Amino acid sequence: MGKSRDSIAYFQAAPLMAVLLAFLVVPIGMIFVVSFWGATEFSIYPAFQLDNYAFLFSSPVTYKVFFATFKYAFITWVFTLSIGFTVAYFLAFHVRSQSMQTALFLLCTIPFLTSNIIRMISWIPFLGRNGIANQTLISWGVIDEPLEWLLYSDFSVILAFVHLYTLFMVVPIFNTMMRIDKSLVEAAYDNGASGLQTLWHVIVPLTKPGIMIGTIFVVTLVMGDFITVRFMSGSQKANVGRLISNDIALLQYPSAAATAVVLLCTVLIVIGVLLRFVNIRKEL
Amino acid sequence: MEQRPRSFYFLAAFFCVFLLFLYGPTLTIGVLSFQGKGGGLTFPMRGVSLNWFRELFEQQAVGDIWGSFRRSLALGFMVMVSTVVVSVSAGLAFRKKFAGSTVLFYLTITSLVIPSILVSLGVGLIFNQLGFKVHWATSGFGSQLTWTLPFGLLIIFAVFNRFDKSYEEAARDQGATPWQIIRHVILPIIAPSLIGVALFGFTLSYDEFARTLLTAGSYNTLPLEIFGMTTNVTTPVIYALGTLTTLFSLAIIGVFLLVVWILGKRRARIGSDAGKAL
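Quick look at the structure:
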């Protein structure tokens, strides 16, 4: 009986397994293999050499770019967490009618289902030299000259990250908050806790799993990104993803693969640490 | 009804600002896509015209927009159907622990959190070394599934965690076969959530960029085409395209929501079709 049930489960899980094997496991294995290969200007050839890694770890650019990647991830995390938590808290504890809650939640989710590229492009008329932000600030007399750092800078990169990814915080945090027993909150109030005390000592601890899941999403999305940094910085800033995509553009696949392996290890270590704080399957 | 605390008004204001932040830029390019003929990428508007939309339909000096749209549409439907079928099937398997289920689960999570460019690079390398040509319908399709399947599976998990098993047990007690239970009990009950999975599958594919970048081959999907345009198009025609494709996404979301709503109404009126099999 147990055997046949297992075989049904394998049959049902087989398609998922097949897709992940063919398009995740084998390709990643291939990247690992190719990271030891050599490259000429036009082609790559099988070899076993550590040159790609040796070059990667000896170049000061690598460390600078990894640092920039962590910097983007950290700053984006701080902003998406504070904004996402506040929005989720409002939806879960202050909106009273359920249909209103659903409607507002949908309103938050819809942009996630539209194109990221378009959402990046749409910042141009805001942030450009003659954009809305500069025109408004000048007309208010706050500044005399247009600010140059609004577009094509770290500022615009992080702004776009926050714009694109705050949703990934709102959804899991909201999901966890909705399952907090409201009587716990009332008990805190009845015992004389202030609003802030209740928030900090009751709601935040109970919301931790949601915060962790949101954090995993945001940190991995930012660390693996290359297109937001390239587009929003006007190719003036770099992160690890861009290092890889530049190598690819130059057909230096082995070098791209070595960087990719190091990036993957870094991301998996970060996730491994974060997963110690949460059991994902229980939280769905 | 009790008095709203003061914090409510502060949080409500914060929420409104957040919505403005989410939608403001998109609305801005919506307005700017009606820019007059001599107008540029920023305000002020130099008149109002449909000039840029017309250019989108007339000349094809900048790539193959409509071809890429058709490809994205076809790919979106392929990914949508596969995502629903594969993730429901895997979701059913995951309801019981089986040898290797933990590994498969973490593999799915890895598929979700892995930097997209690695999937793109890896699949591209495999296809090249095997001597296959990368194409949006083969390598592109598979790469997109590594992004949509984890989302589909997570939604299915959430659904099954709330699933009342007594319906299933009742069916089994009455002598239903496992397949009958799936077909006539489980699927009708989870149908509305499947529409959610389908919506995710389609829209995530339709907008996917990084995982398709090195796996689409010589025929671009729409996001790739749009990104190509950002480097060489400096007129509001790109806003017009952005506005159209966003409207298209919104229409798709609207259709899906409508279907969920109609299903809910129908179910409330005539009940589910559980039991029809008898």
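In order, the protein sequence lines correspond to chains A and B. Going by this note's numbering, the first sequence runs without a break in its numbering and finishes at 284. Going by this note's numbering, the second sequence runs without a break in its numbering and finishes at 1278. Using N, Cα and C, we set each Cβ at its ideal position, and we do this for glycine too. Because the structure is a prediction, the values reported are computed rather than measured.
Task: Contact set between residue 195(A) and chain B, taken where Cβ atoms lie within less than 9 Å - done: 1005, 1007
Open item on the list: Once DSSP output is grouped into helix, strand and coil, what is the label at residue 1035(B)?
Closed with: strand
Open item on the list: Run through the DSSP bridge pairs and tell me what residue 44(A) is partnered with.
Closed with: Beta-bridge pairing links residue 44(A) to 39(A).
Open item on the list: For a quick check, are the C-beta atoms of residue 176(A) and residue 215(A) less than 8 Å apart?
Closed with: Result no, Cβ atoms of residue 176(A) and residue 215(A) do not sit closer than 8 Å.
Task: Limits of the alpha helix (DSSP H) - the one that residue 1138(B) falls within - done: Neither: residue 1138(B) is in no alpha helix (DSSP H) and is coded neither H nor E.
Open item on the list: Along the chain, where does the alpha helix (DSSP H) containing residue 178(A) start, and where does it finish?
Closed with: Careful: residue 178(A) lies outside any alpha helix (DSSP H) and carries neither H nor E.
Open item on the list: Measuring straight from C-alpha to C-alpha, what distance separates residue 46(A) and residue 1141(B)?
Closed with: 28 Å
TODO: With DSSP as the reference, label residue 1048(B) as helix, strand or coil.
DONE: strand
- [ ] Taking all protein chains shown into account, decide if residue 201(A) is buried (16 or more other Cβ within 10 angstroms of its Cβ) or exposed.
- [x] exposed
Task: Nearest-angstrom Cα separation, counted from residue 1203(B) out to residue 1077(B) - done: 10 Å
Open item on the list: Check whether chain A comes within 8 Å of residue 1228(B), counting only Cβ atoms and requiring the distance to be less than that.
Closed with: no
Open item on the list: Would residue 72(A) and residue 211(A) be called neighbours here (beta carbons separated by less than 8 Å)?
Closed with: no
Open item on the list: Using C-beta distances below 6 Å, list every residue in its chain close to residue 1198(B), excluding the 5 sequence neighbours before and after it, in chain order.
Closed with: Answer for residue 1198(B): 1080, 1084, listed in chain order.
Open item on the list: Let's test the definition: count the other Cβ atoms within 10 Å of the Cβ of residue 353(A) and tell me whether it reaches 16, buried, or not, exposed.
Closed with: Nothing about residue 353(A) can be read from this structure; chain A reaches only from 1 to 284.
- [ ] Would you give the residue range spanned by the alpha helix (DSSP H) that residue 1183(B) belongs to?
- [x] Where residue 1183(B) is concerned, there is no enclosing alpha helix (DSSP H), given that its DSSP letter is neither H nor E.
TODO: Run through the segment 1143 to 1212 of chain B for me and flag every whole alpha helix (DSSP H) of 4 or more residues, listed as ranges in chain order.
DONE: 1166 to 1173, 1178 to 1181, 1187 to 1207
TODO: Indicate whether residue 1210(B) and residue 1117(B) have their beta-carbon atoms separated by less than 8 Å.
DONE: Yes. Within cutoff.
Open item on the list: Using beta carbons (cut-off 8 Å, strictly below), is residue 138(A) in contact with chain B?
Closed with: no
Open item on the list: To the nearest angstrom, how far is the alpha carbon of residue 150(A) from that of residue 131(A)?
Closed with: 9 Å
Open item on the list: According to DSSP, simplified to helix, strand and coil, what is residue 59(A)?
Closed with: coil
- [ ] Give a yes or no on contact between the segment 1127 to 1142 of chain B and the segment 1097 to 1117 of chain B, applying the rule of three or more CB pairs nearer than 8 Å.
- [x] no
Task: As assigned by DSSP and simplified to three states, the class of residue 1(A) - done: Legend: pLDDT at residue 1(A) = 43, less than 50; position of this residue unreliable, value from coordinates given subsequently. Coil.
Task: Cβ pair residue 1136(B), residue 1239(B) closer than 8 Å - done: no
TODO: Would you kindly check if the distance between the Cβ of residue 23(A) and the Cβ of residue 1110(B) is under 8 Å?
DONE: no
- [ ] Just confirm the distance between the C-beta atoms of residue 1243(B) and residue 115(A), as a whole number of angstroms; I'd bet it's less than 8 Å.
- [x] Contact flag wrong, Cβ pair sits at about 11 Å.
Task: Element boundaries [alpha helix (DSSP H), containing residue 187(A)] - done: 182 to 190
Open item on the list: Taking the beta carbon of residue 192(A) as the centre, do at least 16 other beta carbons fall within 10 Å, making it buried, or is it exposed?
Closed with: exposed
TODO: Return the residues of the segment 140 to 169 of chain A that lie within a Cβ-Cβ distance of less than 9 Å from chain B, sorted by chain order.
DONE: 162, 163, 166, 167
TODO: Report the residues of the segment 221 to 235 of chain A with a CB closer than 9 Å to any CB of chain B, ordered along the chain.
DONE: Residues of the segment 221 to 235 of chain A that bring their beta carbon within less than 9 Å of a beta carbon in chain B comprise 221, 223, 224, 225, 226, 227, 231, in sequence order.
Open item on the list: With the cut-off set at 8 Å, would you say residue 1045(B) and residue 1036(B) are in Cβ contact?
Closed with: yes
Task: Secondary structure of residue 1220(B), DSSP reduced to three states - done: coil
Task: Range of the contiguous alpha helix (DSSP H) that encloses residue 260(A) - done: Residue 260(A) -> alpha helix (DSSP H) spans 253 to 275.
Task: For residue 1194(B) and residue 185(A), the rounded distance between their alpha carbons - done: Approximately 34 Å between the Cα atoms of the pair.
Open item on the list: If you reduce the DSSP assignment to three classes, tell me which class residue 140(A) lands in.
Closed with: coil
Task: Selected residue, minimal CA-CA separation from residue 8(A), among 1179(B), 1071(B), 1151(B) - done: 1179(B)
Task: Contact the segment 165 to 181 of chain A vs the segment 107 to 121 of chain A: 3+ CB pairs below 8 Å - done: yes
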